[in-house]
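The structure under discussion appears below in the form of C-alpha cells.
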Amino acid sequence: MNYRDYYEILGVNKNSDNAELKRAYRKLAMQYHPDQNPDDKKAEEKFKEINEAYQVLSDPDKRAHYDRLGSDYNRYQQGGGNPGGFNWGQYTQGGSPGGMNVDYEDLFGGDFSDFFSQIFGGMGGFGGGQRGRSARQPQKYETEMIVSLHEIYNGSTRQININDRKFEVKVPKGAKNGTKLRLKGAGPNQGDVYLILKVSPDPRFDLKGDKLYTEIKIDIYTAILGGEVKVPTLAGNIMLSIPAGTQSGRIFRLKGRGMPTINSKGKNSDLFANIIVEIPKEISPEEKEIFEQLAKSQNK
2 MNYRDYYEIL GVNKNSDNAE LKRAYRKLAM QYHPDQNPDD KKAEEKFKEI
52 NEAYQVLSDP DKRAHYDRLG SDYNRYQQGG GNPGGFNWGQ YTQGGSPGGM
102 NVDYEDLFGG DFSDFFSQIF GGMGGFGGGQ RGRSARQPQK YETEMIVSLH
152 EIYNGSTRQI NINDRKFEVK VPKGAKNGTK LRLKGAGPNQ GDVYLILKVS
202 PDPRFDLKGD KLYTEIKIDI YTAILGGEVK VPTLAGNIML SIPAGTQSGR
252 IFRLKGRGMP TINSKGKNSD LFANIIVEIP KEISPEEKEI FEQLAKSQNK
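In my numbering, the protein residues as written are 2 to 301.
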C-alpha cells in the first residue's frame, strides 16, 4: 500500500487551519469538477483525490490519526526504510469489533482509495454501547456512512454487505448530517445496525442545518451596472438578476431552491447566494484611463 500525502494533494502545509483547507479544497475541486471536465478521466480521478484529502483533513479525529501515521512514515523514510517494509498494521483499521465484517467501500460510496479504506475504515465504526444490558438482548452497532449532498437531495439507494449478507439502504430525501438509518437484525445475534449519515463536502455548496449556501463571483462591471449571472443549484443552473450597485457580501435568497425536508410534501428550503465581487488584478491601459477619468469626476 502506498502512502498518500493529503496535504500535498491540497497544496497546503500541515499547520493550515480549517479556513485555509476549505479555500484550497474549493479552488481545486472547482478546477477539476466533472461538470467542468466532461469525459476527462484524469480530472475525475484528481477530483476524487481532492475530495478524499479534504474529507480526512477537515475531520479532527481523522486528521489526528493521519498526522500520527505521517510522522512515523516520514521518520521511517528518513531512516532509509523501503516503502514496502513499513509496518501499516498499527494504523490500519482491519476488522470491526463485535464480530462485524463489512465492506467499507459500501459505506464510503466507492469514491475513496484503498489507502483511505484501510486507514480509516474502522474509525468510529460499529461501536456498541450496550454493555449493561442483559445478555439475552441483542447488542446495537453503529457506524458512519458517508453520503454526498446529491444523495440526500435526491434520495438514494445503496447496497451494503455485512457478514456476507446483502442489505439495501435507502437514504431519504432531506436526510441530514447525523441522521440514523436502522438495519434491523443486521448485526451479530440479530443485533440492529445503525448507519449514521455524514454528508461529504461539496465544492459548490455549504450545508448548515436545513440551509444551503453558495458563493457567486461577479466582475466589477456587473456589480456596478447590473446584469444576469448563472447560479448553480442541486437541480441545475438558474439565472439570477443582479441589480446595479450590488455590493460584495450581499446575500440573495432563492426561495425553494435549497434542500428538501423529510415529510414536507415536496417543499424545499431556500438557497442563499453570497455575492463576491472580484476586483481585476490587472487592467489594460484603456481601462486604467477610464477608471482615472471616473475617479477625477468623483473628486469634482
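Glycine included, C-beta positions come from ideal geometry on N, C-alpha and C.
Since the structure is predicted, the reported quantities are computational estimates derived from the model, not experimental observations.
Could you give the DSSP three-state label for residue i: helix, strand or coil?
i                 : result
glutamine 140     : coil
tyrosine 195      : strand
serine 157        : strand
valine 230        : strand
aspartate 62      : helix
aspartate 18      : coil
tyrosine 4        : coil
phenylalanine 113 : coil
valine 13         : coil
methionine 260    : coil
leucine 213       : strand
leucine 235       : coil
aspartate 220     : strand
phenylalanine 206 : coil
asparagine 162    : strand
glutamate 287     : helix
glycine 133       : Confidence at glycine 133 is low in this model, with a pLDDT of 46, below 50, so its placement is unreliable and the value that follows should be read with caution. If DSSP states are grouped into helix, strand and coil, glycine 133 belongs with coil.
Give a yes or no on whether the C-beta atoms belonging to residue i and residue j are separated by under 8 Å.
i             : j              : result
alanine 245   : isoleucine 225 : yes
serine 201    : glutamine 56   : yes
serine 59     : leucine 29     : no
isoleucine 10 : glutamate 50   : yes
Assuming residue i and residue j form a contact by the criterion Cβ under 8 Å, report the distance between their Cβ atoms to the nearest whole angstrom.
i                 : j            : result
isoleucine 147    : glycine 175  : Not really, about 18 Å apart at Cβ, beyond 8 Å.
leucine 150       : leucine 235  : 7 Å
phenylalanine 168 : alanine 187  : 6 Å
proline 204       : histidine 34 : 6 Å
Distance, Cα to Cα, residue i vs residue j?
i                : j              : result
leucine 198      : lysine 181     : 6 Å
isoleucine 161   : asparagine 190 : 18 Å
aspartate 18     : aspartate 68   : 14 Å
asparagine 269   : glycine 259    : 6 Å
lysine 185       : asparagine 14  : 44 Å
glutamate 145    : asparagine 3   : 25 Å
phenylalanine 48 : glutamate 293  : 43 Å
serine 135       : tyrosine 7     : Residue placement at serine 135 is poorly supported in this model, since its pLDDT is 49, which falls under 50; the coordinates still yield a value, given next. Those two C-alpha atoms are separated by around 44 Å.
glycine 156      : serine 285     : 49 Å
alanine 20       : arginine 5     : 22 Å
isoleucine 217   : arginine 24    : 14 Å
lysine 209       : glutamate 290  : 44 Å
In its own chain, which residues sit with a C-beta less than 6 Å from the C-beta of residue i, not counting the 5 before and 5 after it?
i                 : result
phenylalanine 117 : Glu53
valine 194        : Tyr142, Leu184, Ala187, Gly188
asparagine 38     : Ala44
glutamate 288     : none
glycine 257       : Asn269
arginine 27       : Pro204
Going by beta carbon distance, what residues of the same chain come within less than 8 Å of residue i, once the five residues before and after it are set aside?
i              : result
leucine 255    : Val232, Thr234, Ile239, Leu241, Asp271, Leu272, Phe273, Ala274
isoleucine 243 : Ile219, Thr223, Ala224, Gly227, Gly228, Glu229, Val230, Ile276
aspartate 211  : Lys177, Gly259, Met260, Thr262, Ser270
valine 170     : Met146, Thr158, Arg159, Gln160, Ile161, Leu182, Leu184, Leu196
isoleucine 221 : Val278, Glu279, Ile280, Pro281
valine 172     : Val148, Glu152, Ile153, Gly156, Ser157, Thr158, Arg159, Leu182, Leu198
Can you give me the Cβ contacts of residue i inside the same chain, cut-off strictly under 7 Å, excluding the 5 residues immediately before and after it?
i            : result
serine 249   : Ile276, Ile277, Val278
tyrosine 214 : Phe206, Asp207, Phe273, Asn275
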